Structure formats: structure tokens, C-alpha cells
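Numbered per this note's numbering, the sequence shown spans residues -17 to 331.
First comes the structure, then the notes that go with it.
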Amino acid sequence: MNKLIKLFSIVAAFSLILVGCANKTNSNSSNSGEKTKIVTSVNFYAEIAKNIAGDKAEVSSIISSASVDPHDFEPTAQDAKKVADAKIAILNGGGYDSWFEKLTDNNKDIKKVDGAKLLGLKDGDNEHIWYNPEVMAKVADELTKILVDKDSKNKDFYEKNRDTYKKELSKITDKINSLKEKANGKYVLTTEPVFDYSVNSLGLKVSDEVKKLAKATEEGNDPSPKDLKAIQEQIKSKKISLIINNTQTTNKTVEGLINLAEENNIPILNVTETQPDGKTYIKWMLDQYNKLEEILNGGKGEKAYHVEGAEEGHSHNHEGHSHSHEGHNHDHHDHNDHDDDDHKDEKKN
-17 MNKLIKLFSI VAAFSLILVG CANKTNSNSS NSGEKTKIVT SVNFYAEIAK NIAGDKAEVS
43 SIISSASVDP HDFEPTAQDA KKVADAKIAI LNGGGYDSWF EKLTDNNKDI KKVDGAKLLG
103 LKDGDNEHIW YNPEVMAKVA DELTKILVDK DSKNKDFYEK NRDTYKKELS KITDKINSLK
163 EKANGKYVLT TEPVFDYSVN SLGLKVSDEV KKLAKATEEG NDPSPKDLKA IQEQIKSKKI
223 SLIINNTQTT NKTVEGLINL AEENNIPILN VTETQPDGKT YIKWMLDQYN KLEEILNGGK
283 GEKAYHVEGA EEGHSHNHEG HSHSHEGHNH DHHDHNDHDD DDHKDEKKN
């Protein structure tokens, strides 16, 4: 309730800021040299904007640190002003960054690129869409259309940059395709649904019991004793051939299953929900898939770990999109690292 009150306060403050910005925009509308301002909720969408818009736009991301959890981020008045000043916003959608969506709803002049809508996500669908190999290309295409509409004289510039970036993105799809033959049909244990789009793209399989485990972990709950016993048997019998461990979420049940997997020499792939500090989106994805490739080629995998303060699950009410992540930094008023002209595409290691 306190977070809701705080968000409403921010939105109210945003509305006042917006009025002032609208007046300023009208007075400066004749300034053709002013760069288009693009604001994003998280850093990997800012990466797309910077690659396509180049020096023709001023790009900022509200969140640019791997340690900040986007689910229940609390925006500041400074964040609200960034959105008020922007002409284009890129959001994940699907409830992942609902705080950002609320802010953009108050700027009636802003053009939005909503990744979840571009993928046709329905309420309750998995919102971790950046693991879907299609989403970044779709966002790039939509952003380019908006930029060309606003600045048609630089059409060739934007479209060339988009094509160059999409060519780099294709390295991820190519890597996934190269792994499909060895991955297809293998059963895996996912500790949380973060990697699910990749699991589907690779042709990996997840048992019903593991699906319920991952969902329970995400919601901060434990699986039923029956499901837990079934998963333990799947590990012991080697039906499960790989553990996909989200290093940013854990609980005693997950840790127990990981220990059991290690005892049975089942390899582990560590993945993350947020982009590691100092890495681009493309490097982040390729690093994870390269590690998966090593495992599929007979490698031992990685030592399972969880970041300091890894969350004990989080409530995930898709209808209200309410999330509580204990493993991320929630001191959102001290997030000075979202000065995104110097934006680094980041992640939690």
C-alpha cells in the first residue's frame, strides 16, 4: 500500500512536471537542432535506441544497474521528469515495468514501443521477453519506424543503423539454431521461469513438476511434497540432464535440488534476469549460450552460485503485476547509475 501511495504521488508530481514541459516544448518547437529524447525502463532497450538513433537522439535509461530490480522499482521525481521530457519511450511491458508504463501514460505526446505488445503477450504470460530471440529485432523495427516518422530526412541513417544492429542480433539466433540439434528433447530443471523463452527456442523440455517448481519459486512458495519428490527422482534417474539456475533467485528447496544435482553429476548453467554490469545485451546472451554449448558438448558445467542477498522468491500477481524481489537492490532512490548518456549495458555477475 505504501508503494502504491508513493507511486501515485510520483504520478501526480509527474503531471505537474508535464504541464511545464509542454509549455517549454511549445516555446522550443522551432528549434530543429534539438535532439529527440528517448527514455527506456531498462538498459538493454536503451542499447537498441543508441545503436539505431546514434547521435541524432539523447537516450537515457531509468535503470542501468544489474542490482536494481525492475519489477517493483520506485521512480523518483527525477525519473518522472525524464519521462516528461521524452518524445519516445521503450518499455518491456507485460507487467515487468508497470511503474514506467504508468509514467508514460501521463505523457500524451510520447510515442511508445512496448515489447510485450509487439509479441502479442496476454495477461499472465511470461514477461521475461528479452530471452525471446524475436523481441529485440521487433523493438528495433518499431523504434526505427517512429524515428523515421519524426525525422524523415535521416531515414537512411536510421534504417542503416537498424540493419547493422539486427545483423549483430542475428548472432544470438544463429547460436540458438546451432544448439537445437543437441538440445532438442533434453529435460531440464529451471529454478525460475526467467529462461523459459530460450528453453522453448532450443527445444528443451520441462516436466510438469518442474514447471510448478519454477512458478512456486517465482512466487516465493514451495512446491508440493509430491512434486518435490517427483523432481528428486527425475534428478536421481538422470531424466533431468541440466539445471538452469537463476543466480538472482533462490530458496532452501532450490538449493537442496542443486545440491542433489551436483551429487549426481548433472551440469549447471547459471543465468541471470538482469543484464550484467559492463556487458552489452548481445554479449550477455552469447556468453550464456556459449556456456550452454560447452555443457551440450560434454562439459561439466558451472558451479552453482547465487548473488549476495539472492531473493527468497517474489510475489508475482500477473493481474495486478505486483512483484517483490528480495534479491535485488530496492534502494531505488540511490540509483545514480541511471545517467544513461554514459549508459553501460549491464548485468549482475
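Backbone N, C-alpha and C fix where the C-beta goes; we use that ideal spot for every residue, glycine too.
Since this is a predicted model, take the numbers as computed values, not measurements.
Practice task
Give every residue of the same chain whose Cβ lies closer than 7 Å to the Cβ of K157, excluding the five residues on either side of it in the sequence, and list them in chain order.
Solution key: Indexing the sequence shown from 1 puts residue 157 at position 175. Only L268 and Y271 meet the Cβ criterion.
- Item | CB contact flag (I248, L224, <8 Å) | As a position in the sequence shown, residue 248 is number 266, starting the count at 1. As a position in the sequence shown, residue 224 is number 242, starting the count at 1. Their beta carbons are under 8 Å apart, which means I248 touches L224 by this criterion.
Can you have a look at T146 and say buried or exposed, based on whether 16 or more other CB atoms are within 10 angstroms of its CB?
-> One-based indexing of the sequence shown puts residue 146 at position 164. T146 is exposed by the Cβ-count criterion.
Integer Cβ distance of I34 from I70, believed to fall under 8 Å: Along the sequence shown, read from residue 1 onward, the residue named residue 34 stands at position 52. Along the sequence shown, read from residue 1 onward, the residue named residue 70 stands at position 88. About 11 Å separates the two Cβ atoms, so there is no contact after all.
Buried/exposed call for P207, threshold 16 Cβ in 10 Å
The count along the sequence shown starts at 1 and reaches residue 207 at position 225. So P207 counts as exposed.
Among residues of its own chain, excluding the 5 on either side of G167, which ones have a beta-carbon nearer than 7 Å to its beta-carbon? One-based indexing of the sequence shown puts residue 167 at position 185. Answer for G167: G185 and K187, listed in chain order.
Element boundaries [beta strand (DSSP E), containing K19]: Sequence index remark: in the sequence shown, residue 19 carries index 37 (1-based). Unbroken beta strand (DSSP E) run through K19: T18 to V24.
Worksheet entry | Cβ contact check for the segment 81 to 91 and the segment 26 to 42: 3 or more pairs under 8 Å | no
(request) Name the two residues that bound the continuous alpha helix (DSSP H) containing Y263. (result) Within the sequence shown, numbered from 1, the residue matching residue 263 stands at position 281. Where Y263 is concerned, the enclosing alpha helix (DSSP H) stretches over Y263 to L278.
Original post:
CA-CA distance, V97 and A119?
Top reply: Mapped onto the sequence shown, residue 97 falls at position 115. Mapped onto the sequence shown, residue 119 falls at position 137. The sequence given here has Gly at residue 97, not Val. Using only the alpha carbons, I get a separation of about 10 Å.
Quiz item: So, K64 versus V95, is the Cβ gap smaller than 8 Å?
Solution: Here residue 64 refers to the residue found at position 82 of the sequence shown. Here residue 95 refers to the residue found at position 113 of the sequence shown. The answer is no: Cβ separation not under 8 Å.
Q) Alpha carbon to alpha carbon, what distance is there between S46 and A39? A) Translated into positions along the sequence shown, residue 39 becomes position 57. Translated into positions along the sequence shown, residue 46 becomes position 64. Approximately 18 Å, taken between the alpha carbons.
8 Å CB neighbourhood of G213 in its chain, flanking five on each side removed:
The count along the sequence shown starts at 1 and reaches residue 213 at position 231. As written in the sequence, residue 213 is Ile, which differs from the Gly given in the question. Counting only Cβ-Cβ distances below 8 Å, and skipping sequence neighbours, we find L171, S189, E191, V192, L195, P205, I222 and L239.
Residue from N228, T86 and N246 whose Cα sits closest to the Cα of K218
Working through the sequence shown from its first residue, we reach residue 218 at position 236. Closest option to K218, Cα to Cα, is N246.
Hey, could you find the ends of the alpha helix (DSSP H) I154 is sitting in? Here residue 154 refers to the residue found at position 172 of the sequence shown. That run of the alpha helix (DSSP H) goes K137 to A165.
Practice task
Quick one: grab the DSSP three-state call for T86.
Solution key: In the sequence shown, residue 86 corresponds to position 104, counting from 1. Looking at T86 - three-state DSSP - the assignment turns out to be helix.
Original post:
Is it right to say S134 is buried, meaning 16 or more other beta carbons lie within 10 angstroms of its own, or is it exposed?
Top reply: Start at 1 with the first residue of the sequence shown, and residue 134 comes out as number 152. By the neighbour-count rule (16 or more Cβ atoms within 10 Å), S134 is not buried but exposed.
Practice task
Have a look at L278, T199, A286 and T231 and flag the residue whose alpha-carbon is nearest the alpha-carbon of L242.
Solution key: As a working mapping, residue 242 is identified with position 260 in the sequence shown. Looking at the Cα atoms, A286 is the closest of the given residues.
Practice task
Count the other CB atoms, across all protein chains shown, that sit within 10 Å of the CB of K32; report buried if there are 16 or more and exposed otherwise.
Solution key: The residue labelled residue 32 in the question sits at position 50 within the sequence shown. K32 is buried by the Cβ-count criterion.
Margin query: Would E124 and L161 qualify as a contact pair, given that the criterion is a beta-carbon distance under 8 Å?
Written below: Position 142 of the sequence shown holds residue 124. Position 179 of the sequence shown holds residue 161. Not in contact: E124 and L161 (Cβ atoms no closer than 8 Å).
Can you pull the DSSP bridge partners for D96?
What you label residue 96 is simply residue 114 of the sequence shown in a count that begins at 1. According to DSSP, D96 bridges with L73.
Practice prompt. Please classify E150: is it buried, with 16 or more other beta-carbons within 10 angstroms of its beta-carbon, or exposed?
Written response: What you label residue 150 is simply residue 168 of the sequence shown in a count that begins at 1. Label assigned to E150: exposed.
Can you list, in chain order, the residues of its chain with a C-beta nearer than 6 Å to that of G288? Leave out the 5 residues immediately preceding and following it.
By 1-based counting over the sequence shown, the position of residue 288 is 306. A small fix is needed here, since residue 288 is His in this sequence, not Gly. Contacts found: T229 and T232.
Between V41, E174 and G283, which has its C-alpha nearest T235's C-alpha? The residue given as residue 235 occupies position 253 in the sequence shown. Among V41, E174 and G283, the Cα nearest to that of T235 is on E174.
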